[in-house]
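The listed protein sequences correspond, in order, to chains S and E. Position one of the first sequence corresponds to residue 678 (my numbering), numbered consecutively onward. Position one of the second sequence corresponds to residue 1117 (my numbering), numbered consecutively onward. Below is one structure, written out as structure tokens, with a few remarks after it.
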Amino acid sequence: AQTVTQSQPEMSVQEAETVTLSCTYDTSESDYYLFWYKQPPSRQMILVIRQEAYKQQNATENRFSVNFQKAAKSFSLKISDSQLGDAAMYFCAYRSAVIKAAGNKLTFGGGTRVLVKP
Amino acid sequence: KAGVTQTPRYLIKTRGQQVTLSCSPISGHRSVSWYQQTPGQGLQFLFEYFSETQRNKGNFPGRFSGRQFSNSRSEMNVSTLELGDSALYLCASSLDSQGSGYQETQYFGPGTRLLVL
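Shown next as structure tokens:
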């Protein structure tokens, strides 16, 4: 079974600064997908960024970028130019590419709370 | 295009009762997944439905069940409620047009917060 670990329960960042969230995962599969989801106080889960394991290039979405290290099974999220609206819980998630085995099941990490100081 | 909708948004029940939660996926989406979120256990996968069939199931007791209708709307039912069932129940949908789940991203609804007294 796959596991996802987020070792930082909480991170604080000054507005306009950069913060990096860590995520490690354990899997024996070679093909999979990784996601970062944001959950603000409204509790609505919002997709931030996704990464296909077969792609070596790190995904980027505006101020959000990832550092995907497949051999190390590491998938960190960098938030640049932090804004007050970035304050939320961030969850790292894994999804197998073997649909018959796992369907669309997402395995989540425990989450990291991001606080943004004005 | 409207997002994933869940009803009701809040629910209070007592132990022993049963509850039904509803999820309407994004128009055209065929896969619906359910997750339970609690402070202690975090986000846990309940089950997934595709074309009215359960495609995968998490490690939850048989009191938790679900179904999907021909229009892709899904319901989950919890019978004989326990205090530990108090949680935020999240529904997510994905397009999965070919039934393979390939590269499909899941989009979440706002959740149903269930409180069991």
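We put the CB at the ideal spot given by N, CA and C, even for glycine. Predicted, not measured: the structure shown is a model, and the values here were computed from it.
Residue closest to residue i, alpha-carbon to alpha-carbon, out of the options
{"i": "residue 1171 of chain E", "options": "E:1229, E:1223, E:1148, E:1224", "result": "E:1148"}
{"i": "residue 697 of chain S", "options": "S:749, S:756, S:734, S:745", "result": "S:756"}
{"i": "residue 1224 of chain E", "options": "E:1145, E:1167, E:1169, E:1199", "result": "E:1145"}
{"i": "residue 729 of chain S", "options": "S:717, S:750, S:718", "result": "S:750"}
{"i": "residue 743 of chain S", "options": "S:788, S:769, S:786", "result": "S:769"}
{"i": "residue 1192 of chain E", "options": "E:1127, E:1137, E:1133, E:1122", "result": "E:1137"}
CA-to-CA distance, residue j to residue i, given in whole angstroms
{"i": "residue 707 of chain S", "j": "residue 1185 of chain E", "result": "34 Å"}
{"i": "residue 1226 of chain E", "j": "residue 1125 of chain E", "result": "8 Å"}
{"i": "residue 731 of chain S", "j": "residue 1159 of chain E", "result": "26 Å"}
{"i": "residue 1182 of chain E", "j": "residue 691 of chain S", "result": "44 Å"}
{"i": "residue 724 of chain S", "j": "residue 1220 of chain E", "result": "12 Å"}
{"i": "residue 1232 of chain E", "j": "residue 735 of chain S", "result": "43 Å"}
{"i": "residue 685 of chain S", "j": "residue 702 of chain S", "result": "14 Å"}
{"i": "residue 680 of chain S", "j": "residue 760 of chain S", "result": "30 Å"}
{"i": "residue 784 of chain S", "j": "residue 1207 of chain E", "result": "14 Å"}
{"i": "residue 1161 of chain E", "j": "residue 1131 of chain E", "result": "23 Å"}
{"i": "residue 700 of chain S", "j": "residue 740 of chain S", "result": "18 Å"}
{"i": "residue 1175 of chain E", "j": "residue 795 of chain S", "result": "42 Å"}
{"i": "residue 763 of chain S", "j": "residue 1157 of chain E", "result": "24 Å"}
{"i": "residue 709 of chain S", "j": "residue 781 of chain S", "result": "11 Å"}
{"i": "residue 1167 of chain E", "j": "residue 771 of chain S", "result": "23 Å"}
{"i": "residue 791 of chain S", "j": "residue 1197 of chain E", "result": "34 Å"}
{"i": "residue 1152 of chain E", "j": "residue 1204 of chain E", "result": "6 Å"}
Residue-level contact to chain S via CB, residue i, 8 Å cutoff
{"i": "residue 1140 of chain E", "result": "no"}
{"i": "residue 1126 of chain E", "result": "no"}
{"i": "residue 1205 of chain E", "result": "no"}
{"i": "residue 1231 of chain E", "result": "no"}
{"i": "residue 1164 of chain E", "result": "yes"}
{"i": "residue 1212 of chain E", "result": "yes"}
{"i": "residue 1161 of chain E", "result": "yes"}
{"i": "residue 1155 of chain E", "result": "no"}
{"i": "residue 1183 of chain E", "result": "no"}
{"i": "residue 1168 of chain E", "result": "no"}
Any chain E beta carbon closer than 8 Å to residue i
{"i": "residue 782 of chain S", "result": "yes"}
{"i": "residue 688 of chain S", "result": "no"}
{"i": "residue 722 of chain S", "result": "yes"}
{"i": "residue 727 of chain S", "result": "yes"}
{"i": "residue 785 of chain S", "result": "yes"}
Beta-ladder partner(s) of residue i, from DSSP
{"i": "residue 711 of chain S", "result": "S:728, S:771"}
{"i": "residue 1136 of chain E", "result": "E:1193"}
{"i": "residue 756 of chain S", "result": "S:696, S:741"}
{"i": "residue 1227 of chain E", "result": "According to DSSP, residue 1227 of chain E bridges with nothing at all."}
Limits of the unbroken beta strand (DSSP E) element including residue i
{"i": "residue 1171 of chain E", "result": "1169-1173"}
{"i": "residue 1127 of chain E", "result": "1126-1129"}
{"i": "residue 1191 of chain E", "result": "1190-1194"}
{"i": "residue 698 of chain S", "result": "696-698"}
{"i": "residue 740 of chain S", "result": "That residue, residue 740 of chain S, is in no beta strand (DSSP E); it is neither H nor E in DSSP."}
{"i": "residue 680 of chain S", "result": "680-682"}
{"i": "residue 794 of chain S", "result": "789-794"}
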